[in-house]
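Student:
Residue numbers (the numbering used here): 1168 to 1345.
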């Protein structure tokens, strides 16, 4: 074998060994804790082996998971999977978990409103304080508000459990509109 042939062969063996080592190491960084399956794969086997099941909703905007229905039997699990093709399922021990993903806030966070600042104006945000989305901008300049309100706005303390409480607070600020 020529010198060039040995160098090329050595390089190839080194590459293969490196790939094997990286693949082996990655399995420890990304372990599979639950067997996740799509509804079309081994559906009957997974549900027949389940002792119980539950249906949860994962909310993308806040990251919360809420149980929709618990203690479901195999017939109810199959019914939901057949009726809703967008539901995923996974097996966690003897429990089958149906998962609906929703691009929204969970009910608790979705009803929350808070006041914040948007380009020098008082703004209303939907969702948990500091992590919500802009809902609307008022005509009230923040620098026209009393100092106490300005401080609370900047500290993120003007949080309301629902829109009715928010509207009551906004009514008291009508005199400061531009």
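Don't be surprised by glycine CBs; every beta carbon is placed ideally from N, CA and C.
Fair warning: this is a prediction, and the values are worked out from it, not measured in the lab.
Check each candidate in 1225, 1319, 1233, 1294 and name the one with the smallest Cα separation from residue 1284.
Tutor: Nearest C-alpha to residue 1284: 1319.
Student: According to the neighbour-count rule (16 or more other Cβ atoms, all chains shown, within 10 Å of its Cβ), is residue 1276 buried or exposed?
Tutor: buried
Student: If you run the structure through DSSP and keep just helix, strand and coil, what is residue 1317?
Tutor: helix
Student: So, are the CB atoms of residue 1329 and residue 1267 less than 8 Å apart?
Tutor: Taking 8 Å as the cut-off, the beta carbon of residue 1329 is found no closer than this to the beta carbon of residue 1267.
Student: As a quick exercise: from 1269, 1322, 1184, pick the residue whose alpha carbon is nearest that of residue 1229.
Tutor: 1269
Student: In the DSSP assignment, the alpha helix (DSSP H) including residue 1260 goes from what residue to what residue?
Tutor: Neither: residue 1260 is in no alpha helix (DSSP H) and is coded neither H nor E.
Student: For residue 1180, verify whether its CB is less than 7 Å away from any heavy atom of the ligand NAP.
Tutor: No copy of the ligand NAP occurs in the structure displayed, which carries no ligand at all.
Student: Using the C-alpha atoms, what's the distance from residue 1281 back to residue 1331?
Tutor: 12 Å
Student: Assign residue 1289 to buried or exposed, taking buried as 16 or more other Cβ atoms, counted over all protein chains shown, within 10 Å of its Cβ.
Tutor: buried
Student: Assuming residue 1344 contacts residue 1317 under a Cβ cut-off of 8 Å, what Cβ separation, rounded to an integer in Å, is found between them?
Tutor: That belief does not hold up - the Cβ atoms of residue 1344 and residue 1317 are roughly 16 Å apart, past 8 Å.
Student: Could you have a look at residue 1343 and say whether DSSP puts it in helix, strand or coil?
Tutor: helix
Student: Pick helix, strand or coil for residue 1311, following the three-state DSSP scheme.
Tutor: helix
Student: Taking residue 1219 and residue 1262 to be in contact with their CB atoms under 8 Å, please state how far apart those CB atoms are, rounded to whole angstroms.
Tutor: The pair is a contact, with the Cβ atoms about 5 Å apart (cut-off 8 Å).
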